[in-house]
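A.B. asks: Below: one structure in structure tokens.
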Amino acid sequence: MLNKEIDMWFKMVSRDLNWAAKTDRKITNTITLPASPQRVFSILADMEQTPLWFKEIEGGCWNSTQTHCVHAERTVHLDILSVREIFLAWEEGRRFAFSITESTLPLAVSIVEDYRLSPDKNGHTCLEWDVVYQLRWFVVPFNFLVVLIFGRMFRRAAQGLVEYVSEKSS
566 MLNKEIDMWF KMVSRDLNWA AKTDRKITNT ITLPASPQRV FSILADMEQT PLWFKEIEGG
626 CWNSTQTHCV HAERTVHLDI LSVREIFLAW EEGRRFAFSI TESTLPLAVS IVEDYRLSPD
686 KNGHTCLEWD VVYQLRWFVV PFNFLVVLIF GRMFRRAAQG LVEYVSEKSS
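Quick note: the sequence shown uses our numbering, first residue 566, plus one each step.
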């Protein structure tokens, strides 16, 4: 497994799903995936598969003894930063959400990612994926760049997930 030596972590404010629902700063992607919600959830929950569809993610590991559940903690390494997460929702086939508690880049005060899955009439999955954030004061003037850069990254990841699930389903 990937092992990155990281010297400096920046604490973030862990938020809950109520905060995420009320915050207007978010990057949203809505996609349809050609697989059942249970199958899509199993792909989202498998850290080994994540780099196969989210190209900026290099890998990660679980930090808590309990994994794959609410309150589980993990570290994820991306190409430009690493983050530590705590899970807020783990509802198989329905919802997968976490709050970032620390990052190696001091860009945000808080970030919550919320993946909501629902079946469509064809047995496929509608995925609504929100990345909700509060920037640090010195980054706020550059929100347009955050949306441009990270919006593009999450759109690529959403498209990568569509392609990956399509390949796995054929």
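Quick reminder that beta carbons are idealized off the backbone N, C-alpha and C, glycines included.
Classify glycine 688 as buried or exposed, calling it buried when 16 or more other Cβ atoms lie within 10 Å of its own Cβ.
C.D. replies: As a working mapping, residue 688 is identified with position 123 in the sequence shown. Exposed is the call here.
A.B. asks: Specify whether the stretch 648-666 and the stretch 596-603 touch according to this definition: at least 3 beta carbon pairs, one from each stretch, less than 8 Å apart.
C.D. replies: Yes, the stretch 648-666 touches the stretch 596-603.
A.B. asks: Note the first and the last residue of the continuous alpha helix (DSSP H) segment covering isoleucine 608.
C.D. replies: Here residue 608 is taken as the residue at index 43 of the sequence shown, counted from 1. Element bounds for isoleucine 608: 602-610.
A.B. asks: Which residues in the same chain as asparagine 708 place their Cβ atom closer than 8 Å to its Cβ, once the five residues preceding and following it in sequence are excluded?
C.D. replies: Indexing the sequence shown from 1 puts residue 708 at position 143. So the list reads Arg590, Leu700, once near-sequence residues are dropped.
A.B. asks: Is it a yes or a no for the stretch 568-577 touching the stretch 665-681, going by three-plus beta-carbon pairs under 8 Å?
C.D. replies: At 8 Å Cβ cutoff, the stretches touch.
A.B. asks: Taking the alpha carbon of leucine 692 as the point to measure from, which residue in Ala722, Lys620, Glu638 has its own alpha carbon closest?
C.D. replies: In the sequence shown, the residue the question calls residue 692 occupies position 127. Among Ala722, Lys620, Glu638, the Cα nearest to that of leucine 692 is on Ala722.
A.B. asks: Residues bridged to aspartate 695 by DSSP?
C.D. replies: Indexing the sequence shown from 1 puts residue 695 at position 130. Partner(s): Thr593, Asp679.
A.B. asks: Got a sec, what are the start and stop residues for the beta strand (DSSP E) phenylalanine 664 sits in?
C.D. replies: For the purposes of this step, residue 664 is identified with residue 99 of the sequence shown, where counting begins at 1. Note on identity: in this sequence residue 664 is serine, with phenylalanine being the wrong assignment. Unbroken beta strand (DSSP E) run through serine 664: 660-668.
A.B. asks: Under 8 Å, do glutamate 613 and leucine 643 count as touching if we go by C-beta distance?
C.D. replies: In the sequence shown, counting from the first residue as 1, residue 613 sits at position 48. In the sequence shown, counting from the first residue as 1, residue 643 sits at position 78. Their beta carbons are not under 8 Å apart, which means glutamate 613 does not touch leucine 643 by this criterion.
A.B. asks: Please classify glutamate 678: is it buried, with 16 or more other beta-carbons within 10 angstroms of its beta-carbon, or exposed?
C.D. replies: Counting from one through the sequence shown, the residue named residue 678 turns up at place 113. With 16 or more Cβ atoms within 10 Å of its Cβ, glutamate 678 is classed as buried.
A.B. asks: Taking just the CA atoms, how far does leucine 682 sit from leucine 526?
C.D. replies: With the chain represented from 566 up to 735, any question about residue 526 goes unanswered, as that position is not in the structure.
A.B. asks: If you measure between the beta carbons of glycine 725 and lysine 620, is that distance less than 8 Å?
C.D. replies: On the sequence shown, position 160 is the one that residue 725 refers to. On the sequence shown, position 55 is the one that residue 620 refers to. Yes, they are a contact pair.
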